[in-house]
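Chemist: Under numbering that gives the first Met the number 0, residues 0 to 360 are what the sequence shown spells out, in order.
From the three backbone atoms N, C-alpha and C, an ideal C-beta is built for every residue, glycine too.
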Amino acid sequence: MKAAVLHESPGKLQIEDVRIDNPAPHEVLLRVGATGLCHSDLHYLERAYPLTGPTILGHEGAGVVEAVGAEVTYVKPGDHVISYPTAFCGQCEWCLSGRPTLCLQQGLTRAEGQPPRLTLSNGEPAIQFVGLSTFAEQMLVHENALVKINPDIPMDRAALVGCGVPTGVGAVIRTARVPEGATVAVIGCGGVGLNVIQGAVLAGASRIVAVDINDGKLELAKQFGATDTINNTAGDAVQQLHDLIPGAGGVDYSFEALGIKQTYELAFALLRRGGTATAIGVPNGNFELPMGEFLQEKKFQGSIMGSVQFRRDLPYLLDLYTKGRLKLDELVSNRIPLAEINEGYAAIGSGSIARSVVVFD
Ligand code: COD
Ligand code: ZN
Ligand code: ZN
Numbered sequence: 000m001k002a003a004v005l006h007e008s009p010g011k012l013q014i015e016d017v018r019i020d021n022p023a024p025h026e027v028l029l030r031v032g033a034t035g036l037c038h039s040d041l042h043y044l045e046r047a048y049p050l051t052g053p054t055i056l057g058h059e060g061a062g063v064v065e066a067v068g069a070e071v072t073y074v075k076p077g078d079h080v081i082s083y084p085t086a087f088c089g090q091c092e093w094c095l096s097g098r099p100t101l102c103l104q105q106g107l108t109r110a111e112g113q114p115p116r117l118t119l120s121n122g123e124p125a126i127q128f129v130g131l132s133t134f135a136e137q138m139l140v141h142e143n144a145l146v147k148i149n150p151d152i153p154m155d156r157a158a159l160v161g162c163g164v165p166t167g168v169g170a171v172i173r174t175a176r177v178p179e180g181a182t183v184a185v186i187g188c189g190g191v192g193l194n195v196i197q198g199a200v201l202a203g204a205s206r207i208v209a210v211d212i213n214d215g216k217l218e219l220a221k222q223f224g225a226t227d228t229i230n231n232t233a234g235d236a237v238q239q240l241h242d243l244i245p246g247a248g249g250v251d252y253s254f255e256a257l258g259i260k261q262t263y264e265l266a267f268a269l270l271r272r273g274g275t276a277t278a279i280g281v282p283n284g285n286f287e288l289p290m291g292e293f294l295q296e297k298k299f300q301g302s303i304m305g306s307v308q309f310r311r312d313l314p315y316l317l318d319l320y321t322k323g324r325l326k327l328d329e330l331v332s333n334r335i336p337l338a339e340i341n342e343g344y345a346a347i348g349s350g351s352i353a354r355s356v357v358v359f360d
């Protein structure tokens, strides 16, 4: 099968022939239908991340089951599924306390000494990114990384529910649990930030202020439900917020959906007394917060994969889509073949792109 391999970081993806193994007892072989270009993979292409070997990236995907291991009972060939990066072991303290996105993920990958799931044509094993590697025609994953979906949902839209949609919506409704009527600011209105905005709409936020450096992305933000926009290259964003909501002192909830020091610090600076900042991005370095403001009960917290329980929440999100309460069609700006994946990433900053999706025939 063909797959997009990263040999060094920073670097470009190379399309290569890769051998995929047969399913072990608890594994499932998938034919990938579609996979989204999330910024988290781009961090590996752009920043110097230590790779332990040639890596097949991609973590936002949907597909059809081709074969299952001897012990698999959850799915059968022909089922449509979405994969999720935080597979659950079902036995650790976090799984058992209802927080599977924090699972230690023990025993879900192949043990040392077992044949690798993925092998390059020169015989070298390929690293499987977060146990998935969706930038490929096929995937071999643990059954606990999958959720079954209604086969009527188109693959390109289903793929986005494998990361961007739950990461953004979940940060609002599961991690921060934003109450009705609260004011919200969202920094970074890309594939994930637009879904934070959708989450804030679902939560019944009274004001949803979108912050971005790109006017095109701010236009998209309005289409997804932002009530106000701030271009933070056009003057101090904190002052612009105070002008938009006079006398409030900031917002109740802010969300960082990019992953740089400046936007981490901005997320905290946009808060009013008692407010909560939720960071989704991984910062490119350490950041500083004014410690005195913690005496005003301001909070700063992280969110991974929207804190969702994916076999409960992904079908819920697809149900909202089916009922017209969640926008997925509008998220897919561009459909491309795997061979154009580097060009797809080069276009991620374009104002008209919400998400580019690789589709397979
Ligand atoms: N200020 C405000 N907005 C900015 C700035 C800035 N200085 N610079 C860029 N932006 C905007 C861009 O114009 C764009 O609209 C947006 O930020 C970024 O959008 P995308 O589409 O490039 O990125 P996403 O939405 O795909 O990804 C955002 C993440 C936060 C998920 C990602 O960057 C990240 O940090 N991932 C690591 C964390 C992780 O692994 N999460 C779980 C899986 S995703
Ligand atoms: Zn992602
Ligand atoms: Zn676990």
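What does DSSP give as the partner residue(s) for Ala353 in the beta ladder?
Modeler: Locating residue 353 in the sequence shown gives position 354, where the first residue counts as 1. According to DSSP, Ala353 bridges with nothing at all.
Chemist: Taking C-alpha atoms, which residue in Leu131, Arg116, Val168 and Val71 lies nearest to Tyr315?
Modeler: Sequence index remark: in the sequence shown, residue 315 carries index 316 (1-based). The shortest Cα separation from Tyr315 among Leu131, Arg116, Val168 and Val71 belongs to Val168.
Chemist: So what's Asp312 in DSSP terms, helix, strand or just coil?
Modeler: Residue mapping note: residue 312 aligns to position 313 of the sequence shown, counting from 1. DSSP places Asp312 in helix when its eight states are reduced to three.
Chemist: I'd like to know if the segment 321–334 and the segment 85–105 are in contact, where contact means that at least 3 CB-CB pairs between them fall below 8 Å.
Modeler: no
Chemist: Would you mind listing the alpha helix (DSSP H) stretches within the segment 233–263 that are 4+ residues and don't spill past its ends, in chain order?
Modeler: Runs of the alpha helix (DSSP H) lying entirely within the segment 233–263, each at least 4 residues long, are 236–243 in chain order.
Chemist: Looking at the structure shown, is Asp78 part of a helix, part of a strand, or coil, going by DSSP?
Modeler: Here residue 78 corresponds to residue number 79 of the sequence shown, with the count starting at 1. Coil.
Chemist: CB-CB under 8 Å to Gly97, same chain, minus the five flanking residues each way: which ones, in chain order?
Modeler: As a working mapping, residue 97 is identified with position 98 in the sequence shown. Contacts found: Gln308.
Chemist: Just tell me which of Ser351, Glu65 and Asp20 has its CA closest to the CA of Ala220.
Modeler: For the purposes of this step, residue 220 is taken as residue 221 along the sequence shown, with counting starting at 1. The candidate whose alpha carbon is nearest that of Ala220 is Ser351.
Chemist: Any heavy atom of ligand 2 within a distance shorter than 8 Å of the CB on His58?
Modeler: Here the question's residue 58 lines up with position 59 in the sequence shown. Yes, the beta carbon of His58 sits closer than 8 Å to at least one heavy atom of ligand 2.
Chemist: Span of the alpha helix (DSSP H) holding Gln197?
Modeler: As a first step, residue 197 is located in the sequence shown; it is residue number 198 there, counting from the start. Run containing Gln197: Gly192 to Ala202, per the alpha helix (DSSP H) assignment.
Chemist: Flag this pair as yes or no: are the beta carbons of Arg206 and Ile259 separated by less than 9 Å?
Modeler: Within the sequence shown, residue 206 is the residue found at index 207, counting from 1. Within the sequence shown, residue 259 is the residue found at index 260, counting from 1. Taking 9 Å as the Cβ cut-off, Arg206 and Ile259 do not qualify as a contacting pair.
Chemist: Report yes if the C-beta of Pro84 is less than 8 Å from at least one heavy atom of ligand 1; otherwise report no.
Modeler: In the sequence shown, counting from the first residue as 1, residue 84 sits at position 85. The answer is yes for Pro84.
Chemist: Taking Cβ positions, are Gly60 and Ile126 nearer each other than 9 Å?
Modeler: Within the sequence shown, residue 60 is the residue found at index 61, counting from 1. Within the sequence shown, residue 126 is the residue found at index 127, counting from 1. Their beta carbons are not under 9 Å apart, which means Gly60 does not touch Ile126 by this criterion.
Chemist: Can you give me the C-alpha to C-alpha distance between Leu193 and Leu28, rounded to a whole angstrom?
Modeler: For this step, residue 193 is matched to residue 194 along the sequence shown. For this step, residue 28 is matched to residue 29 along the sequence shown. Each residue's alpha carbon lies about 32 Å from the other.
Chemist: Determine, using beta carbons only, whether Ala2 and Leu107 come nearer to each other than 9 Å.
Modeler: The residue labelled residue 2 in the question sits at position 3 within the sequence shown. The residue labelled residue 107 in the question sits at position 108 within the sequence shown. Cβ distance not < 9 Å, so Ala2 and Leu107 don't count as in contact.
Chemist: Which residues count as close to ligand 2 when the rule is a CB under 5 Å from any of its heavy atoms, in chain order?
Modeler: Cys37, Ser39 and Cys162
Chemist: Of the choices Gln238, Arg173 and Ile186, whose alpha-carbon is the least far from that of Asp201?
Modeler: Here residue 201 corresponds to residue number 202 of the sequence shown, with the count starting at 1. It is worth fixing the name first, because residue 201 is Leu in this sequence and not Asp. Comparing Cα-Cα distances from Leu201 to each of Gln238, Arg173 and Ile186, the minimum goes to Arg173.
Chemist: How do the segment 83–92 and the segment 65–72 stand: do at least 3 beta-carbon pairs fall below 8 Å, yes or no?
Modeler: no
Chemist: Relative to the alpha-carbon of Ala210, which residue among Ala199, Gly203, Glu218 and Asn231 has its alpha-carbon at the smallest distance?
Modeler: Position 211 of the sequence shown holds residue 210. The displayed chain sequence assigns Val, not Ala, to residue 210. Put simply, of Ala199, Gly203, Glu218 and Asn231 the residue whose alpha carbon is nearest the alpha carbon of Val210 is Asn231.
Chemist: Taking its Cβ as the centre, do 16 or more other Cβ atoms sit within 10 Å of Asp214, making it buried, or is it exposed?
Modeler: Residue mapping note: residue 214 aligns to position 215 of the sequence shown, counting from 1. Exposed, because fewer than 16 other Cβ atoms sit within 10 Å of the Cβ of Asp214.
Chemist: Taking 5 Å as the limit, name every residue whose beta carbon sits nearer than that to some heavy atom of ligand 3, in sequence order.
Modeler: Cys88, Cys91, Cys94 and Cys102
Chemist: Using the beta-carbon count (16 or more within 10 Å), is Asn143 buried or exposed?
Modeler: For the purposes of this step, residue 143 is identified with residue 144 of the sequence shown, where counting begins at 1. Asn143 is buried by the Cβ-count criterion.
Chemist: For Met290, count neighbouring Cβ atoms within 10 angstroms of its own Cβ and tell me buried if that reaches 16, exposed if not.
Modeler: Residue mapping note: residue 290 aligns to position 291 of the sequence shown, counting from 1. Classification of Met290: exposed, given that the 10 Å Cβ count is below 16.
Chemist: Starting from the N-terminal side, write out each stretch of the beta strand (DSSP E) that is 3 residues or longer and does not extend beyond the segment 11–93.
Modeler: 12–19, 26–35, 60–67 and 79–82
Chemist: Which residues in the same chain as Thr275 place their Cβ atom closer than 7 Å to its Cβ, once the five residues preceding and following it in sequence are excluded?
Modeler: The residue labelled residue 275 in the question sits at position 276 within the sequence shown. Excluding residues within five positions, the ones whose Cβ falls inside 7 Å are Ala175, Tyr252, Lys298 and Gln300.
Chemist: Compute the beta-carbon to beta-carbon distance between Phe128 and Ile196, rounded to the nearest angstrom, for a pair I have assumed lies under 8 Å.
Modeler: Taking the first residue of the sequence shown as position 1, residue 128 is located at position 129. Taking the first residue of the sequence shown as position 1, residue 196 is located at position 197. No, Phe128 and Ile196 are not in contact; Cβ-Cβ is about 27 Å, not under 8 Å.
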